[in-house]
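Each remark here refers to the structure printed beneath this line.
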Amino acid sequence: MKILVTGASGFVGQALCRQLVQEGQHEVVAAVRSPASVVTGGTRCVVGDIGSHTAWEKATEGADAVVHLAGRAHIMHDTACDRLAAYRAINTEGTLALARRALASGVKRLLFVSSIKVCGEGQLKSSTDPYNEASPASPSDAYAISKWEGELGLWAAAKDTGLEVVVLRPPLIYGPGVRANFLRLMTLVDRGWPLPFGGVRNHRDLLYLGNLVDAILTAVVHPAAKNKTFLLSDNQCVTTPELVRRIASALERPARLWSVSEKCLRLAGRVIGKGATVDRVLGSMRVDSRLIHRDLGWSPPFSMQEGLRETAKWYRRTYSR
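Written as structure tokens, this is what we have:
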């Protein structure tokens with residue numbers, strides 16, 4: 001089977017291509033934006049910027065399936081003049097252009113890695129039911145809206161053309177190569193900074209990179225995945241202070257936590273212009289991933305402890321003092 005992986009030089013793409021080549025069961029085409037992009041496995045194919053006019057012809061030629069990872073990532077302080085237009089150009093229009101080209105090339109299945117943010121920003125109360133595949137879409141920012149519109153376009157293509165579509169909606173992904181808030185949290189824990197989250201009682205589901213890769217490998221070939229959306233996680237819900245303790249343990253550092261009321265934390269976040277970040281840290285994001293287990297027999301092969309341990313090893317190699 002020939003599999004095209006878009007975004008092959010990214011956080012997830014590198015791990016996926018590496019695993020595909022290691023298993024040796026499929027021919028891999030690694031689509032990247034630039035000749036300078038790092039590719040960890042497969043045949044490199046440079047496609048340039050992602051959008052409505054991307055030249056996918058060479059990349060999709062002879063492919064049986066496409067794993068679409070390329071996209072405009074969620075950016076906390078995006079400076080684009082029209083953020084929604086910027087996200088749509090890549091995550092919506094770029095996705096649909098790929099689908100059209102894939103159909104013309106005879107591709108049978110397209111797996112789209114979307115985001116749990118399509119469901120919303122999380123639960124206001126930890127007692128609220130977790131998101132599942134039946135949860136109504138409630139995207140609240142430009143990134144999530146563009147992902148949702150990409151999904152809708154793919155479902156229309158599936159209905160009209162027979163293209164098999166699979167959508168995965170992961171929560172926050174961590175693992176070797178992680179960036180943004182998770183890396184910042186690891187750095188704070190490693191440096192021994194006291195964190196004011198000791199009294200936070202939220203519940204959050206996360207997803208280890210290795211588990212996402214394994215789920216993709218299952219869903220891209222499984223007959224029962226056809227035209228379905230799946231939510232997935234590590235199946236180990238944690239509070240923010242518990243996550244800090246687990247990161248500290250993986251880094252072999254003490255967890256320095258102290259308690260400040262959530263009301264004070266939210267107020268402080270808004271005063272310093274970090275309100276959205278604080279809301280995410282304090283809020284709940286629970287995911288019910290039973291459907292992918294029921295339909296595909298998939299369960300995460302790595303525990304959170306194992307995932308954090310591998311992430312800590314990478315962190316030490318990369319940021320050792």
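FYI, UniProt numbering numbers position 267 of the sequence shown as 267, with every residue one higher than the one before it.
Note that CB positions come from ideal geometry on N, CA and C, so glycine has one too.
Around the beta carbon of LYS117, 16 or more other beta carbons sit within 10 angstroms, so the residue counts as buried. For CYS81, no beta strand (DSSP E) run applies, since DSSP gives it neither H nor E. Counting only runs of at least 3 residues, the stretch 13-77 fully encloses the following beta strand (DSSP E) elements, listed from N- to C-terminal order: 27-32, 43-46, 65-68. In this structure, DSSP gives THR128 a state outside helix and strand, which the three-state scheme calls coil.
Comparing C-alpha distances from LEU185 to each of GLY120, SER135, LEU251, VAL221 shows the shortest one belongs to LEU251. Runs of the beta strand (DSSP E) spanning 3 or more residues and lying entirely within the stretch 225-280 occur at 228-231, in chain order.
Non-local beta-carbon contacts of PHE11 in its own chain, meaning distances under 6 angstroms to residues more than five positions away in sequence, involve GLY177 in chain order.
Between the C-alpha atoms of VAL281 and THR128 there is a straight-line separation of about 17 angstroms. The DSSP assignment places 164-169 as complete runs of the beta strand (DSSP E) inside the stretch 123-195, in order along the chain (cut-off: 3 residues).
Taking a C-beta distance under 7 angstroms as the contact criterion, THR60 and ALA102 qualify as a contact pair. VAL67 is positioned such that its CB atom lies closer than 7 angstroms to that of VAL220. In chain order, LYS2 place their CB closer than 7 angstroms to the CB of GLY62, counting only its own chain and leaving out the 5 sequence neighbours on each side. Rounded to the nearest angstrom, the gap between the Cα atoms of VAL238 and GLY198 is 13 angstroms. Here ARG286 carries a coil assignment [DSSP, helix/strand/coil].
For VAL287, the closest C-alpha among the options LYS226, PRO130, ASN227, ALA104 is that of PRO130. When LYS226, VAL271, TRP258, PRO254 are compared, the shortest CA-CA separation from LYS108 is found for LYS226. Looking at the DSSP output, THR6 bridges to ALA31, HIS68. LEU206 sits in coil when the DSSP states are folded into three classes, being neither helix nor strand. Taking a contact as a CB-CB distance under 8 angstroms, the pair TRP258 and PRO196 counts as one, their CB atoms being some 6 angstroms apart.
In this structure ARG317 is exposed. Its beta-carbon is surrounded by fewer than 16 other beta-carbon atoms within 10 angstroms. Cβ neighbours of ALA312 within its own chain (closer than 7 angstroms, five residues either side excluded): ALA250, LEU251.
Between LEU265 and VAL244, the C-beta spacing is not below 7 angstroms. With a 10 Å radius around the Cβ and a threshold of 16 neighbouring Cβ atoms, HIS53 comes out exposed. Distance check between HIS293 and each of ASN132, GLY106, LEU111 places ASN132 closest, using alpha-carbon atoms only. When only Cα atoms are considered, LEU84 and GLY51 end up about 14 angstroms apart.
Here the C-alpha atom of THR240 lies approximately 7 angstroms from the C-alpha atom of ARG201.
The beta carbon of ILE247 sits closer than 7 angstroms to those of LEU185, MET186, VAL189, LEU308, all from its chain and outside the five residues before and after it, given in chain order. Taking 7 angstroms as the cut-off, the beta carbon of GLY7 is found closer than this to the beta carbon of ALA70. Residue state for ARG109 is assigned as strand, using DSSP reduced to three classes. Counting along the chain, TRP314 sits inside the alpha helix (DSSP H) bounded by residues 304-319.
Residue environment analysis places GLY24 among the exposed positions, since fewer than 16 neighbouring C-beta atoms fall within 10 angstroms of its C-beta. Note that the C-beta distance between LEU206 and PRO171 is below 7 angstroms.
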